[in-house]
Amino acid sequence: MKIKEWAEEDRPREKMLLKGIASLSDAELLAILIGSGNSQETAVQLSQRILGSVNNNLNALGKLSVKELMSKFKGIGKVKAIIINAALELGKRRGNSDPVQRPAIRASKDAYLLFHPLLCDLPHEELWIALTNRSSQVIEKVKISQGGTNETSADLRIILKAAINALAAGIIVCHNHPSGNTRPSRQDDQLTQRLRDAARLIEIKLLDHIVLADGNYYSYSDDGKL
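Residue numbers for the sequence shown follow UniProt numbering, so the first one is 1 and each next one is one higher.
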């Protein structure tokens with residue numbers, strides 16, 4: 001059977017999307033790279049044979065040249081051999097790279113410094129969120145909305161959807177006041193309370209809401225309003 005005739009959850013690409021990349025075997029990952037097999041083998045079968053030739057050792061596979069891959073395996077032409085070599089070289093370089101250091105939010109000043117470069121010089125209001133893990137490290141920053149010179153709106157569903165998709169444990173909200181006045185408005189208070197209560201229902205904590213101006217900020221957490 002051709003791979004496209006397999007059950008969807010068994011096809012390497014579809015399986016990766018459904019179950020995550022960690023669920024794929026080395027042969028399935030290699031099959032995604034080469035894309036197709038030959039007249040006798042699917043891409044997965046060809047990949048299994050390639051790996052079997054090096055006792056399933058990826059380091060040994062990385063030592064095979066483009067010419068060796070082309071000469072030893074039917075269905076592996078120059079382009080596929082180059083792709084295999086390039087992928088294994090990337091894996092080697094990744095191992096030599098420093099791990100990504102995510103910024104951690106331990107206090108309101110950390111949140112202010114995180115958002116200040118994004119918002120300090122804007123002539124209009126924007127609302128952003130930072131999503132954090134259980135160690136208070138920032139997973140990602142997301143722009144939620146953009147408004148006028150004195151107001152912006154926020155859809156709680158967009159905020160919560162972003163948090164759920166990121167498997168976040170915490171949310172930090174930040175928006176700017178171009179006027180330079182960091183005093184929160186009644187609308188800011190209402191948004192903070194509604195988001196805090198909605199996030200609590202899905203066991204996500206609203207850690208802070210920062211109102212930012214260039215050189216100064218207001219923190220709901222510091223003011224005891226969370």
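Virtual Cβ for every residue (Gly too), placed ideally from N, Cα, C.
How should P117 be labelled, buried or exposed, when 16 other C-beta atoms within 10 angstroms of its C-beta is the threshold for buried?
In the sequence shown, the residue the question calls residue 117 occupies position 117. Burial call: exposed.
Do you know how far the Cα of Q146 is from the Cα of K205?
Start at 1 with the first residue of the sequence shown, and residue 205 comes out as number 205. Start at 1 with the first residue of the sequence shown, and residue 146 comes out as number 146. Each residue's Cα considered, the two are about 24 Å apart.
With burial defined as no fewer than 16 other Cβ atoms inside 10 Å of the residue's Cβ, what is the status of V100: buried or exposed?
Your numbering for residue 100 matches position 100 in the sequence shown. When all chains shown are included, V100 counts as exposed.
What residue range is occupied by the uninterrupted beta strand (DSSP E) comprising N96?
By one-based count along the sequence shown, residue 96 stands at place 96. Premise fails: N96 lies in the alpha helix (DSSP H), K78 to N96, not in any beta strand (DSSP E).
Any idea if V173 is buried or exposed, counting beta-carbon neighbours within 10 angstroms, 16 or more meaning buried?
Here residue 173 is taken as the residue at index 173 of the sequence shown, counted from 1. Burial call: buried.
Can you name, in chain order, every residue of its own chain whose Cβ lies under 6 Å from the Cβ of L127, other than the five neighbours on each side?
By 1-based counting over the sequence shown, the position of residue 127 is 127. Hits under 6 Å: I144, S145, T152, A154 and H175.
Would you decide whether G37 is buried or exposed? Buried here means 16 or more other CB atoms lie within 10 Å of its CB.
Taking the first residue of the sequence shown as position 1, residue 37 is located at position 37. Buried, by the Cβ-count rule.
Taking only the alpha-carbon atoms, compute the straight-line gap between residue 249 and R106 and give it to the nearest angstrom.
What the structure shows of the chain is the stretch from 1 to 226, and residue 249 is not part of that stretch, so it cannot be assessed.
Report the option in G35, L226, D208 and K225 whose CA atom is closest to the CA atom of S108.
As a first step, residue 108 is located in the sequence shown; it is residue number 108 there, counting from the start. The candidate whose alpha carbon is nearest that of S108 is D208.
Suppose contacts are defined by Cβ-Cβ distances below 7 Å. Is L212 in contact with L113 by that definition?
By 1-based counting over the sequence shown, the position of residue 212 is 212. By 1-based counting over the sequence shown, the position of residue 113 is 113. Going by C-beta atoms, L212 is not nearer than 7 Å to L113.
With a cut-off of 8 Å on the beta carbons, I'd call V44 and A60 a contact; round off their distance for me.
The count along the sequence shown starts at 1 and reaches residue 44 at position 44. The count along the sequence shown starts at 1 and reaches residue 60 at position 60. No, V44 and A60 are not in contact; Cβ-Cβ is about 20 Å, not under 8 Å.
From which residue to which residue does the beta strand (DSSP E) around L127 run?
What you label residue 127 is simply residue 127 of the sequence shown in a count that begins at 1. E126 to T132 is the extent of the beta strand (DSSP E) around L127.
Looking only at C-alpha atoms, which of S185, R13, I83 and I82 sits nearest to S219?
Your numbering for residue 219 matches position 219 in the sequence shown. The shortest Cα separation from S219 among S185, R13, I83 and I82 belongs to S185.
Nearest to A87 (by Cα), restricted to the options L58, L122 and F115
Working through the sequence shown from its first residue, we reach residue 87 at position 87. The shortest C-alpha separation from A87 is found at L58.
Between which two residues does the alpha helix (DSSP H) holding H116 run?
The residue you call residue 116 lines up with position 116 of the sequence shown. Segment S108 to L119, the alpha helix (DSSP H) holding H116.
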